[in-house]
Amino acid sequence: MRIFRSVVELLVRSFRILKVYGLLYFIRRGWKYVKRRGWRNLFASEDINTQYQKWIHKRKAYYSEKPFNCSVVPVIGIMMPVNYTEHIRIQDSVKSILAQDSPYWHLYLVTDDPTELGTKESLVKQIKTDKRISIIWRSGADVAGIVKKMTQVDYVLFMDVNDRLSSEAVATFQKTLIKDRNLDLIYADEDTFDGVSGQRFNPVFKPGWSPHLLLSFNYIGHPVVLRKELLEKVGKTVFFSNNWEYRILLSLTNLHVNAKRIPEMLCSRISPADFIVNESEENHNSGYLAIKEALSKKGLHATVRFCPEMGIYATRLGIKEKEKISIIIPTKDNGKILQGCLESILEKSSYDNYEILIIDNGSTDESTLIFLADIKKFDKIRVLSYLKEFNYPLVNNFGAANAAGKHLVFLNDDTKVISSDWLEALLEYSQMQEVGAVGALLLFPNGLIQHAGIVIGMRGSASHAFYKYEADKPGYLNLIQCVRNVSAVTAACMMIKAETFAKVGGFDPRFRLGMNDVDLCLRLLKMGLYNVYTPYAKLIHYESLTRNEYVDDNEIEMFKRLHCEFISNGDPYYHPELSLERNDYSLAI
Numbered sequence: 087m088r089i090f091r092s093v094v095e096l097l098v099r100s101f102r103i104l105k106v107y108g109l110l111y112f113i114r115r116g117w118k119y120v121k122r123r124g125w126r127n128l129f130a131s132e133d134i135n136t137q138y139q140k141w142i143h144k145r146k147a148y149y150s151e152k153p154f155n156c157s158v159v160p161v162i163g164i165m166m167p168v169n170y171t172e173h174i175r176i177q178d179s180v181k182s183i184l185a186q187d188s189p190y191w192h193l194y195l196v197t198d199d200p201t202e203l204g205t206k207e208s209l210v211k212q213i214k215t216d217k218r219i220s221i222i223w224r225s226g227a228d229v230a231g232i233v234k235k236m237t238q239v240d241y242v243l244f245m246d247v248n249d250r251l252s253s254e255a256v257a258t259f260q261k262t263l264i265k266d267r268n269l270d271l272i273y274a275d276e277d278t279f280d281g282v283s284g285q286r287f288n289p290v291f292k293p294g295w296s297p298h299l300l301l302s303f304n305y306i307g308h309p310v311v312l313r314k315e316l317l318e319k320v321g322k323t324v325f326f327s328n329n330w331e332y333r334i335l336l337s338l339t340n341l342h343v344n345a346k347r348i349p350e351m352l353c354s355r356i357s358p359a360d361f362i363v364n365e366s367e368e369n370h371n372s373g374y375l376a377i378k379e380a381l382s383k384k385g386l387h388a389t390v391r392f393c394p395e396m397g398i399y400a401t402r403l404g405i406k407e408k409e410k411i412s413i414i415i416p417t418k419d420n421g422k423i424l425q426g427c428l429e430s431i432l433e434k435s436s437y438d439n440y441e442i443l444i445i446d447n448g449s450t451d452e453s454t455l456i457f458l459a460d461i462k463k464f465d466k467i468r469v470l471s472y473l474k475e476f477n478y479p480l481v482n483n484f485g486a487a488n489a490a491g492k493h494l495v496f497l498n499d500d501t502k503v504i505s506s507d508w509l510e511a512l513l514e515y516s517q518m519q520e521v522g523a524v525g526a527l528l529l530f531p532n533g534l535i536q537h538a539g540i541v542i543g544m545r546g547s548a549s550h551a552f553y554k555y556e557a558d559k560p561g562y563l564n565l566i567q568c569v570r571n572v573s574a575v576t577a578a579c580m581m582i583k584a585e586t587f588a589k590v591g592g593f594d595p596r597f598r599l600g601m602n603d604v605d606l607c608l609r610l611l612k613m614g615l616y617n618v619y620t621p622y623a624k625l626i627h628y629e630s631l632t633r634n635e636y637v638d639d640n641e642i643e644m645f646k647r648l649h650c651e652f653i654s655n656g657d658p659y660y661h662p663e664l665s666l667e668r669n670d671y672s673l674a675i
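All residue numbers for the sequence shown refer to our numbering, where the first residue is 87 and numbers rise by one.
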């Protein structure tokens with residue numbers, strides 16, 4: 087069914103290009119598309135685990151240089167909480183540590199009862215073979231207290247008895263730290279390992295540091311390395327109970343941490359990975375409390391609900407102040423469509439402190455002019471005229487300059503509100519000081535996804551994540567249903583603080599037709615802000631189902647020049663092992 091849909095979509099897109107641009111453009115564009123994707127992959131859509139087996143088969147070892155200069159190598163302490171009943175799994179985990187390419191590590195087995203651990207002869211024998219292995223008695227100490235006892239190390243790697251590190255794991259972390267001594271947090275990818283068959287599956291290719299995604303689940307999981315002195319600070323009053331690692335990672339979202347993702351598969355886990363939340367009620371509650379605790383330190387109240395079908399938390403933030411929101415809607419000769427948009431806002435929106443600015447870009451259609459004159463009677467609506475030639479950035483910048491709200495919502499006139507709390511959902515994150523732009527989940531009328539965040543570099547320049555994917559599905563790592571950090575969001579529905587919009591300089595008028603929203607978002611990233619996608623602000627976006635989806639080639643080339651570092655380095659919230667030719671987070675194989 088999915089392949090059939092892919093064929094239909096390709097034919098429809100081909101017809102649009104032919105109709106708008108003609109045969110020569112179609113041939114040139116089509117040839118580039120086939121060259122990038124390959125004939126065999128035009129309609130491919132395999133299960134992620136099927137793709138992963140091919141990926142493993144093709145993968146070459148990342149780390150090959152074993153020699154280190156001991157004087158400059160940061161020593162990593164591996165902290166593993168253990169129970170004596172798990173001695174077989176402990177032994178297997180220790181074996182993976184002893185097989186490390188780098189010799190510069192110390193293993194600390196943290197236990198409640200070292201005497202019981204000592205009754206396991208085979209384990210004791212294994213421990214005694216290497217002086218780098220120590221046993222620490224927990225004795226009610228918090229994480230900070232345990233870390234202080236790890237006197238021979240600079241960084242701490244979290245590990246549990248279900249983990250099996252790849253042989254290059256420790257060395258890869260150390261090579262990264264040698265290049266950047268200022269790193270506070272480093273993490274890498276993981277998969278699941280079947281102890282019977284030996285097969286690896288469920289690969290977790292993680293995004294870059296995403297503090298707002300952490301409010302949905304512990305996407306970082308294992309392996310993760312933290313600076314020891316930072317762990318001593320945030321590990322106070324954190325004990326080795328359910329979700330203790332999650333609590334520590336969430337506490338980092340309130341700090342300015344220098345975090346780095348290593349896009350390498352460095353750990354396999356025997357049991358389901360941490361990103362699949364444990365099914366015990368105690369575990370759910372501890373995760374719930376960890377999220378609320380982290381947000382309370384920001385002065386935010388949160389409503390947190392566990393979603394067992396996906397293993398994630400649905401976290402909704404309270405609104406600190408009901409600040410005024412200005413909804414800016416450009417339009418021209420589109421009275422009937424605009425009417426549907428306005429009716430949905432006025433009838434469905436539960437947030438009441440807003441104004442609507444209709445920016446009329448020179449309408450001449452009589453019915454539209456009558457409608458625009460008629461809606462002026464509504465207190466919440468202002469109609470402003472912008473009579474210059476159409477330029478999307480200039481029209482919206484004009485609207486922003488005349489807005490009274492503390493937050494701006496740029497909204498297309500061909501949208502309709504679905505969720506009544508759409509403004510609250512956007513404001514939840516726009517109210518955060520560290521957040522730039524916030525984007526919504528936009529659906530086609532048939533229920534498929536039009537927008538769920540934008541990936542830089544996808545399909546040549548930038549494209550929508552999960553485009554034409556089913557909106558009620560979780561998507562890869564449940565990302566469709568999670569609030570998450572993204573590089574860019576579409577201005578078909580985008581909220582941003584008015585002050586931030588002014589600081590970044592508004593939309594760039596050089597991008598007259600397209601790429602202006604992506605350009606704006608990347609400039610926000612360069613300011614050190616985060617852009618956020620939320621699935622809780624849900625709207626229908628009509629016209630995009632039929633409108634031409636290609637922008638001017640000159641604008642695309644200008645975008646690539648201005649933001650070449652994002653194109654060359656890759657989207658920080660996407661993974662380099664994932665496809666840039668397909669929008670469904672499938673592997674690039």
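Every residue, glycine too, gets a C-beta built ideally from N, C-alpha and C.
Original post:
Residues bridged to threonine 278 by DSSP?
Top reply: Locating residue 278 in the sequence shown gives position 192, where the first residue counts as 1. Partner(s): Phe287 and Arg355.
Subject >> For threonine 171, three-class secondary structure by DSSP >> reply: Taking the first residue of the sequence shown as position 1, residue 171 is located at position 85. Three-state DSSP puts threonine 171 in a helix.
Original post:
Thinking C-beta only, is glycine 448 closer than 7 Å to leucine 473?
Top reply: Taking the sequence shown and counting its residues from 1, one reaches residue 473 at position 387. Taking the sequence shown and counting its residues from 1, one reaches residue 448 at position 362. Closer than 7 Å, so yes.
**OP:** For the stretch 280-294 and the stretch 609-621, state whether three or more C-beta atom pairs, one from each stretch, are separated by less than 8 Å.
**Re:** By the Cβ rule, the stretch 280-294 does not count as touching the stretch 609-621, because fewer than three pairs are nearer than 8 Å.
Original post:
From leucine 673 to glutamate 132, what distance separates their C-alpha atoms?
Top reply: One-based indexing of the sequence shown puts residue 673 at position 587. One-based indexing of the sequence shown puts residue 132 at position 46. Each residue's Cα considered, the two are about 9 Å apart.
Subject >> Nearest neighbour of cysteine 579, chosen from Leu455, Gly539 and Arg218 [CA to CA] >> reply: Locating residue 579 in the sequence shown gives position 493, where the first residue counts as 1. Out of Leu455, Gly539 and Arg218, Gly539 has the C-alpha closest to the C-alpha of cysteine 579.
Subject >> First through last residue of the beta strand (DSSP E) which encompasses tyrosine 194 >> reply: Numbered from its first residue, the sequence shown carries residue 194 at position 108. Counting along the chain, the beta strand (DSSP E) containing tyrosine 194 begins and ends at 191-197.
Original post:
Which of helix, strand or coil does DSSP assign to glutamate 663?
Top reply: For this step, residue 663 is matched to residue 577 along the sequence shown. In the three-state DSSP reduction, glutamate 663 falls in the coil class, being neither helix nor strand.
**OP:** Sort Arg218, Lys646 and Lys211 by Cα distance to glutamine 186 and report the nearest one.
**Re:** In the sequence shown, residue 186 corresponds to position 100, counting from 1. Of Arg218, Lys646 and Lys211, the residue nearest in Cα terms is Arg218.
Original post:
By Cβ distance below 7 Å, which residues in the same chain neighbour serine 253 in space, the five residues on each side in sequence not counted?
Top reply: Taking the sequence shown and counting its residues from 1, the one referred to as residue 253 is at position 167. The residues are Ala185, Gln186 and Asp187.
Original post:
By Cβ distance, which residues of its chain are closer than 7 Å to isoleucine 626, with the 5 residues on each side in sequence left out?
Top reply: Locating residue 626 in the sequence shown gives position 540, counting from the first residue. Counting only residues of its own chain and dropping the five nearest sequence neighbours on each side, isoleucine 626 has a CB closer than 7 Å to the CB of Thr501, Lys502, Ile504, Leu529 and Pro531.
Original post:
Taking only runs of the beta strand (DSSP E) that begin and end inside the stretch 436-490, which ones reach a length of at least 3 residues, in chain order?
Top reply: Listed in chain order, they are 440-446 and 467-471.
Subject >> Opposing strand residues paired with histidine 537 [DSSP bridges] >> reply: In the sequence shown, residue 537 corresponds to position 451, counting from 1. Under DSSP, histidine 537 shares a beta bridge with Leu528.
Original post:
Can you tell me the Cα-Cα spacing of threonine 676 and alanine 557, whole angstroms?
Top reply: There is no way to answer for residue 676, as the model of the chain reaches only from 87 to 675.
Subject >> Best match in Asp270, Gly404 and Val541 for proximity to arginine 347 [C-alpha to C-alpha] >> reply: Numbered from its first residue, the sequence shown carries residue 347 at position 261. The closest CA to that of arginine 347, considering only Asp270, Gly404 and Val541, is found on Asp270.
Original post:
Going along the chain, which residues of its own chain have a beta-carbon closer than 6 Å to the beta-carbon of asparagine 135, five neighbours each way excluded?
Top reply: In the sequence shown, the residue the question calls residue 135 occupies position 49. Cβ neighbours of asparagine 135 beyond the five flanking positions: Phe287.
Subject >> Sequence-distant residues of the same chain with beta carbon closer than 7 Å to proline 167, five excluded per side >> reply: As a first step, residue 167 must be located in the sequence shown, where it is residue number 81. Only Val196, Asp246 and Phe326 meet the Cβ criterion.
Original post:
With which residues is cysteine 223 paired in a DSSP beta bridge?
Top reply: Numbered from its first residue, the sequence shown carries residue 223 at position 137. The question names cysteine, but residue 223 in the sequence shown is tryptophan. Tryptophan 223 is bridged to Thr197.
Original post:
Can you name the residues that DSSP bridges to alanine 388?
Top reply: On the sequence shown, residue 388 is found 302 positions in, with the first residue counted as 1. Under the DSSP definition of a beta bridge, alanine 388 partners with Leu403.
Subject >> Residues that DSSP places opposite lysine 624 in a beta bridge >> reply: Numbered from 1 along the sequence shown, position 538 holds the residue referred to as residue 624. Within the DSSP bridge table, the entry for lysine 624 names Leu527 as partners.
**OP:** Tell me, please, which residues DSSP counts as bridged to arginine 347.
**Re:** Numbered from its first residue, the sequence shown carries residue 347 at position 261. Partner residues in the beta bridge of arginine 347, as assigned by DSSP, are Tyr273.
Subject >> Contiguous alpha helix (DSSP H) assignments of at least 4 residues, all confined to the stretch 541-597 >> reply: Fully enclosed alpha helix (DSSP H) runs of no fewer than 4 residues occupy 584-590 of the stretch 541-597, in order along the chain.
Subject >> Inter-stretch contact at 8 Å, needing at least 3 Cβ pairs: the stretch 594-604 / the stretch 636-654 >> reply: A contact exists between the stretch 594-604 and the stretch 636-654.
Subject >> Span separating the alpha-carbon of threonine 576 from that of alanine 257 >> reply: Locating residue 576 in the sequence shown gives position 490, where the first residue counts as 1. Locating residue 257 in the sequence shown gives position 171, where the first residue counts as 1. Inter-residue distance for threonine 576 and alanine 257 is about 40 Å (C-alpha atoms, whole angstroms).
Original post:
Assuming tyrosine 190 and valine 159 make a contact with CB atoms under 8 Å, what is their CB distance in whole Å?
Top reply: Start at 1 with the first residue of the sequence shown, and residue 190 comes out as number 104. Start at 1 with the first residue of the sequence shown, and residue 159 comes out as number 73. With a Cβ gap of about 5 Å, tyrosine 190 and valine 159 count as contacting.
Subject >> For aspartate 216, three-class secondary structure by DSSP >> reply: On the sequence shown, residue 216 is found 130 positions in, with the first residue counted as 1. Three-state result, aspartate 216: coil.
**OP:** Determine the DSSP secondary structure at aspartate 240, reduced to helix, strand or coil.
**Re:** For the purposes of this step, residue 240 is identified with residue 154 of the sequence shown, where counting begins at 1. Coil, per DSSP.
Subject >> Residues near serine 665 in its chain [Cβ-Cβ closer than 6 Å; skip 5 each side] >> reply: In the sequence shown, counting from the first residue as 1, residue 665 sits at position 579. So the list reads Ser672 and Ala674, once near-sequence residues are dropped.
Original post:
Does the distance from the C-beta atom of valine 311 to that of tyrosine 241 stay below 7 Å?
Top reply: One-based indexing of the sequence shown puts residue 311 at position 225. One-based indexing of the sequence shown puts residue 241 at position 155. Result yes, Cβ atoms of valine 311 and tyrosine 241 sit closer than 7 Å.
Original post:
Can you name the start and end residues of the alpha helix (DSSP H) that lysine 265 belongs to?
Top reply: The residue you call residue 265 lines up with position 179 of the sequence shown. Where lysine 265 is concerned, the enclosing alpha helix (DSSP H) starts and stops at 255-265.
Subject >> Whole-Å CB distance - isoleucine 183 paired with leucine 251, under 8 Å assumed >> reply: On the sequence shown, position 97 is the one that residue 183 refers to. On the sequence shown, position 165 is the one that residue 251 refers to. Right, their Cβ atoms sit about 6 Å apart.
Original post:
Anyone know if the C-beta pair for isoleucine 377 and phenylalanine 303 falls short of 7 Å?
Top reply: If you number the sequence shown from 1, residue 377 lands on position 291. If you number the sequence shown from 1, residue 303 lands on position 217. Not in contact: isoleucine 377 and phenylalanine 303 (Cβ atoms no closer than 7 Å).
**OP:** Put threonine 136 into one of helix, strand or coil per three-state DSSP.
**Re:** For the purposes of this step, residue 136 is identified with residue 50 of the sequence shown, where counting begins at 1. In this structure, threonine 136 counts as helix in the three-state DSSP scheme.
Subject >> Cα-Cα separation between arginine 355 and glutamine 260, rounded to whole angstroms >> reply: Numbered from 1 along the sequence shown, position 269 holds the residue referred to as residue 355. Numbered from 1 along the sequence shown, position 174 holds the residue referred to as residue 260. Taking the straight line from one Cα to the other gives about 21 Å.
Original post:
Smallest Cα separation from asparagine 329: which of Tyr138, Leu375, Lys140 and Asp670?
Top reply: Numbered from 1 along the sequence shown, position 243 holds the residue referred to as residue 329. The option with the nearest alpha carbon to asparagine 329 is Leu375.
**OP:** Mark proline 621 as exposed unless 16 or more other C-beta atoms lie within 10 angstroms of its C-beta, in which case mark it buried.
**Re:** The residue labelled residue 621 in the question sits at position 535 within the sequence shown. Answer is buried; the Cβ neighbour count reaches 16.
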